[in-house]
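Visitor:
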Amino acid sequence: MKIVLTSNAPAAIGPYSQAIVAGDMVYTSGQIAIDPATGNMVEGGIVEQTKRVCENVVSLLKAAGTDISKVVKTTCFLADMADFAAFNAVYAEYFTGKPARSCVAVKTLPKGALAEIDTICLL
């Protein structure tokens with residue numbers, strides 16, 4: 000296993016890695032809308048947060064040596080299922096390969112985030 004570490008995505012805020020390469024697979028930790036340059040949540044609603052989440056995923060995958068077109072599975076968490084349509088619109092701009100996906104609403108997310116995405120990706 001190899002730990003992926005990049006300053007182009009938010010630092011881990013707990014005892015975990017940003018991503019792990021295991022064999023020919025990359026597993027990213029859940030990404031929320033933290034701007035890696037400031038360490039703060041981005042301003043705005045679900046659209047702005049989802050864009051930042053996706054950009055964080057893109058940065059992690061690049062650091063691991065792969066890209067978003069090779070994602071095979073995502074797990075998406077929303078703080079409010081009323082945001083589902085707006086979330087999907089942004090998500091579709093990034094995940095054009097249409098990976099398998101689970102999307103659930105949760106009571107709360109870290110730092111008051113509105114969305115979180117983790118991925119499983121081919122190298």
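At position 87 of the sequence shown the residue is numbered 86 (our numbering), and the sequence of numbers has no breaks.
Glycine is no exception: its CB is placed at the ideal position from the N, C-alpha and C atoms.
Nothing here was measured: the structure is a model prediction, and the numbers come from that model.
1) Can you name, in chain order, every residue of its own chain whose Cβ lies under 8 Å from the Cβ of A11, other than the five neighbours on each side?
2) List, from N- to C-terminal side, the beta strand (DSSP E) runs of 3 residues or more that fit wholly inside the segment 51 to 94.
3) Within 10 angstroms of its Cβ, does Y15 collect 16 or more other Cβ (buried), or is it exposed?
4) For the beta strand (DSSP E) holding T27, just list the boundary residues, first then last.
5) With a CB to CB cut of under 7 Å and the five nearest residues on each side skipped, what residues in its chain are close to L121?
6) At the level of alpha carbons, what is the spacing between N87 and T74?
7) I'd like to check one pair, A112 with A78: are the Cβ atoms closer than 8 Å?
8) Might you give, ordered along the chain, the residues of its own chain that have their beta carbon closer than 8 Å to the beta carbon of D117, omitting 5 neighbours on each side?
Guide: Reading it off the structure:
1) On the sequence shown, residue 11 is found 12 positions in, with the first residue counted as 1. Excluding sequence neighbours, A11 sits near Q17 and S28.
2) 70 to 77
3) What you label residue 15 is simply residue 16 of the sequence shown in a count that begins at 1. That one is exposed.
4) The count along the sequence shown starts at 1 and reaches residue 27 at position 28. Run containing T27: M24 to T27, per the beta strand (DSSP E) assignment.
5) As a first step, residue 121 is located in the sequence shown; it is residue number 122 there, counting from the start. Cβ within range, chain order: D23, M24, T65, K69 and V71.
6) Position 88 of the sequence shown, counted from the start, is the residue given in the question as residue 87. Position 75 of the sequence shown, counted from the start, is the residue given in the question as residue 74. When rounded, the distance between both Cα atoms is 13 Å.
7) Here residue 78 refers to the residue found at position 79 when the sequence shown is read from its first residue. Here residue 112 refers to the residue found at position 113 when the sequence shown is read from its first residue. Cβ distance < 8 Å, so A78 and A112 count as in contact.
8) In the sequence shown, counting from the first residue as 1, residue 117 sits at position 118. Closer than 8 Å at the Cβ level, and outside the excluded window around D117, lie Y26, T27, S28, G29, Q30, T73 and T74.
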